[in-house]
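Chains as they are written, first to last, in my numbering: chain A, 1 to 171; chain B, 1001 to 1347; chain C, 2001 to 2527.
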């Protein structure tokens, strides 16, 4: 009977192990993005203010100076608005839904703004690669880096950065 | 036992009738948001059209069938709706061909930017108005967002039941029938809200990917084949509006130009032709350049009507008495409505 | 498949139709197929777990049955030659063997449940208490199969009953599979006993108009509670719980009230649907609630709320623990050491604490659930200790204590106390819960509740609907105390059809379902 008990116990332990392995949830297939040239969240910095996508806009807008202009486009189907705040050095897009307004996209216009790694318009392409590694996507005149649902794109002409754009990719 | 069965049958019958009445009551009547009523209004006017316009809001705000008839004798109808997706345009067209065989179909290409279902609200505004057919079933299945359920289209009461606590007088008044909100599918706007110079200077924001979705292009191809099979010319058009929120990108333009060239289709991008059309963004828009008002739409219709007549051989049918009589009523209705709305604006 | 999904309603209609059309001997087979189909909707990968439980229970029960039969055969054969003591010794030894077999089954199945449900909780706490490197131990992302808590407890109850000789061994594995997976009760109970349910499951059933009508009416009643009341209240609750620190003081009291309504309507509504489905199939399941909010004490409350869970823990944890050998030894020692008065309480109280600890843990892998269980235990034990004082009070003021008002006072007191403890389930964090309880006294914002109540996602009409719904439920509950409302209506078909029609329309028009409302799962779906 002792042998039987041992066998039963062994069987139970094996089954438990098998069950735990089987129970492991599937991992998200976002790992494809975790390849070359991806970073953990991007940011644009200007005048000591760090702007990140997906953050509440109120804090950032308060920290920044009054925009040159602001425009609203209401999408009645989605039930939200797209806001465009124009500053001298950049354009800031937000998504507004009810009381919530989050930062959605930033378009850098001059070298007063820099990325979280200190790159700005006018930087050398090699400096971009040195800071961010190999681009996730290389287009004609652009280097794009992906982190989760964020994309940081450097427009490049003659080996120099002429534009920087940071946006959220929605489905 | 027989008594019980009789009671049961009567009860079920009474319930069925009551549910039918409730559904009629609870369906949105789209009086204050008339965009949802457009699709359903086609069936009363179907037949005898040489040109059918399909597409999103740009289509029903830019092309006026009454003007096309008045100026060129072109009999047309606008089967547009708010945020009409390309597969919805395809299935609407498929359905339209069961009612009539137009000479040309004009499709506004902006909706090609969407490759996936977008919004339940806009789906409803397009699909609820369609009569039940295989086209409607296919359109629903292609359009449903994740939160939607097919059974809620079959029994809209399940979707709109929550309106029971917010019914208005219109719901009772128009439960079984309602006057048309559109004029052959054109939704009139006489307000003026100019597009500022600042807004005019804005361009659309950067995109992650400028490739038009494969699903959308596949449906465009299906539309082309469908038109071919029905002996009808497919004409692609981009309406003259180009505000920053609904920007028409050069990269998209290139893809459409290439597609049109490869398939022998005519494509008119009216954006660079605004000056030629005569559009004045300080007077011809009711929402700062997102859509045209009636004044901008009249100019666009006149311009486009000329193209349809001269380039595509659409005939002047003003000499057909039966058709002319029908259109006289429509043109009168158009002018009357325009006058009423203008007077309303002045007040 | 949620009970409130269109798919489930279509599934149910098909099952009902097929059940009464197929040859009667196929009915239980059809139910088995339907139950597994229902289970597969949750994900086919979950099937392996319910199969393991079923097959292991089948094997263990058969082994115990075989051992018991062997024992009887041996004794019958050697009755003449064996003395009484020898027979006693032999029985004891055989019982021990059967216990080891039972233990294997319990360890396996409870082990699987423990691993899947509590590994994350254990690892999380280990990381909090000890240092395991920079990132700590990785918390595995384990699948939690639908209904695992319910079907495991039900099946283990079957094994224990077989061991105790209270039910017969099921020789047909497919039949046992049906007992384990019977779809109406898979997701949220009630936890049935094999001796009660099995025969009903396998017996052929002819269509019974009365039973079917009662079943459908009960299903409608469940949907009414769930969709019109529970899901509507949930909207306001979500607002209060999204940012709990923002809703202090009076809002905490409001949440307690709303949660009491929501959990009652949601849980009993789900059970009504479950029991209604079974009733329509000719199967009577055990009632799980009996007007719990009319309870006058916590003890009574737990005899009326989630009855089958309470009796399961009483029969399979409390009693065995309180009479087991180690507890008997402890009882002896404590009477000797602490005196008879205190000593006799020790085993009972220990068993009670353990039972409530496990009850809390069963509800969820979190400290808030454990504290919830222990608080219930504390209240029950304190009530027990204060019983002499209550008895003296009742003796001194018999007219007062037997009055209607005093009864209502006790019911309201119990309702509020249970609601307070239950809020641990809402806030999920023990510290936050205690802090917010304190804010009911320290933050005096009752004045702003008048307007604030309408900023939680529900308007005046919604609250009227909730109030009206609660009123209807209270009236029906009160009428049902004497005689079932369905039975009262059965012989009045016109009235019956009218009321059912009104109920159906109410659900259809006022139910908080569809786009714009979150399709919330039943509270116990995670089980």
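Beta carbons: idealized from backbone N, C-alpha and C, even for Gly.
From residue i to residue j, what does the alpha carbon distance come to, in whole angstroms?
i: residue 67 (chain A); j: residue 146 (chain A); result: 28 Å
i: residue 2004 (chain C); j: residue 2218 (chain C); result: 15 Å
i: residue 2310 (chain C); j: residue 2431 (chain C); result: 27 Å
i: residue 2185 (chain C); j: residue 2266 (chain C); result: 15 Å
i: residue 1335 (chain B); j: residue 53 (chain A); result: 50 Å
i: residue 2113 (chain C); j: residue 2148 (chain C); result: 7 Å
i: residue 2010 (chain C); j: residue 2192 (chain C); result: 26 Å
i: residue 141 (chain A); j: residue 1241 (chain B); result: 29 Å
i: residue 2038 (chain C); j: residue 2491 (chain C); result: 35 Å
i: residue 27 (chain A); j: residue 2287 (chain C); result: At residue 27 (chain A), the pLDDT of 33 sits below 50, so the modelled position is not reliable; the number obtained from the coordinates is stated separately. Straight-line Cα distance between these residues: approximately 41 Å.
i: residue 124 (chain A); j: residue 105 (chain A); result: 23 Å
i: residue 1168 (chain B); j: residue 2268 (chain C); result: 36 Å
i: residue 151 (chain A); j: residue 1170 (chain B); result: 48 Å
i: residue 2019 (chain C); j: residue 1185 (chain B); result: 52 Å
i: residue 2061 (chain C); j: residue 2169 (chain C); result: 6 Å
i: residue 1252 (chain B); j: residue 64 (chain A); result: 34 Å
i: residue 1323 (chain B); j: residue 1290 (chain B); result: 34 Å
Would you identify the three-state DSSP class for residue i, choosing helix, strand or coil?
i: residue 2121 (chain C); result: helix
i: residue 1340 (chain B); result: helix
i: residue 1016 (chain B); result: helix
i: residue 1202 (chain B); result: coil
i: residue 1235 (chain B); result: strand
i: residue 1187 (chain B); result: coil
i: residue 1264 (chain B); result: coil
i: residue 2403 (chain C); result: coil
i: residue 1033 (chain B); result: coil
i: residue 1118 (chain B); result: coil
i: residue 1242 (chain B); result: coil
i: residue 1269 (chain B); result: strand
i: residue 1255 (chain B); result: helix
i: residue 2167 (chain C); result: coil
i: residue 2443 (chain C); result: coil
i: residue 1207 (chain B); result: coil
i: residue 30 (chain A); result: Note that residue 30 (chain A) scores a pLDDT of 35, beneath 50, so its modelled location is shaky and nothing firm can be said.
i: residue 1051 (chain B); result: strand
Residue i lies in the alpha helix (DSSP H); which residues open and close that run?
i: residue 147 (chain A); result: First-last for residue 147 (chain A): 142-147, but that is the beta strand (DSSP E), not the alpha helix (DSSP H).
i: residue 2273 (chain C); result: 2250-2280
i: residue 2389 (chain C); result: 2387-2396
i: residue 152 (chain A); result: Note, residue 152 (chain A): premise wrong, no alpha helix (DSSP H); beta strand (DSSP E) at 150-157.
Just to confirm the assignment, what range does the beta strand (DSSP E) spanning residue i have?
i: residue 168 (chain A); result: 160-168
i: residue 1108 (chain B); result: 1104-1108
i: residue 45 (chain A); result: 44-46
i: residue 1080 (chain B); result: 1076-1080
Mind pulling the chain C residues with CB within less than 7 Å of residue i?
i: residue 1165 (chain B); result: 2461
i: residue 1015 (chain B); result: 2501
Give the residues of chain B in contact with residue i, contact being defined as C-beta atoms less than 7 Å apart.
i: residue 2006 (chain C); result: 1149, 1151
i: residue 93 (chain A); result: 1205
i: residue 2494 (chain C); result: 1007
i: residue 143 (chain A); result: Here the premise fails: no neighbours, minimum Cβ distance about 14 Å.
i: residue 148 (chain A); result: Those do not exist, as residue 148 (chain A) stays about 13 Å from chain B at its closest Cβ, beyond 7 Å.
Mind pulling the chain A residues with CB within less than 8 Å of residue i?
i: residue 1244 (chain B); result: 71, 73, 84
Could you name the residues of chain A that residue i contacts, counting a contact when the two beta carbons are closer than 7 Å?
i: residue 1198 (chain B); result: 69
Residue i touches chain B at which residues, Cβ-Cβ below 9 Å?
i: residue 153 (chain A); result: 1206, 1208
i: residue 107 (chain A); result: 1205, 1206
Which residues in chain B have a C-beta closer than 8 Å to the C-beta of residue i? List them in chain order.
i: residue 169 (chain A); result: 1208
Name the chain C residues that come within less than 9 Å of residue i, Cβ to Cβ?
i: residue 1146 (chain B); result: By Cβ distance, chain C contributes nothing, its closest Cβ being about 11 Å from residue 1146 (chain B), past 9 Å.
Only counting runs of 3 or more residues, tell me where the beta strand (DSSP E) segments fall wholly within the stretch 51-136 of chain A, in order along the chain.
69-75, 80-86, 90-97, 100-108
Residue ranges of each alpha helix (DSSP H) run of no fewer than 4 residues wholly in the stretch 2289-2318 of chain C, ordered along the chain?
2298-2304, 2307-2313
Whole alpha helix (DSSP H) elements within the stretch 2445-2474 of chain C, 4-residue minimum
2449-2452
Mind listing, in chain order, the continuous beta strand (DSSP E) runs of no fewer than 3 residues lying wholly within the stretch 2140-2206 of chain C?
none
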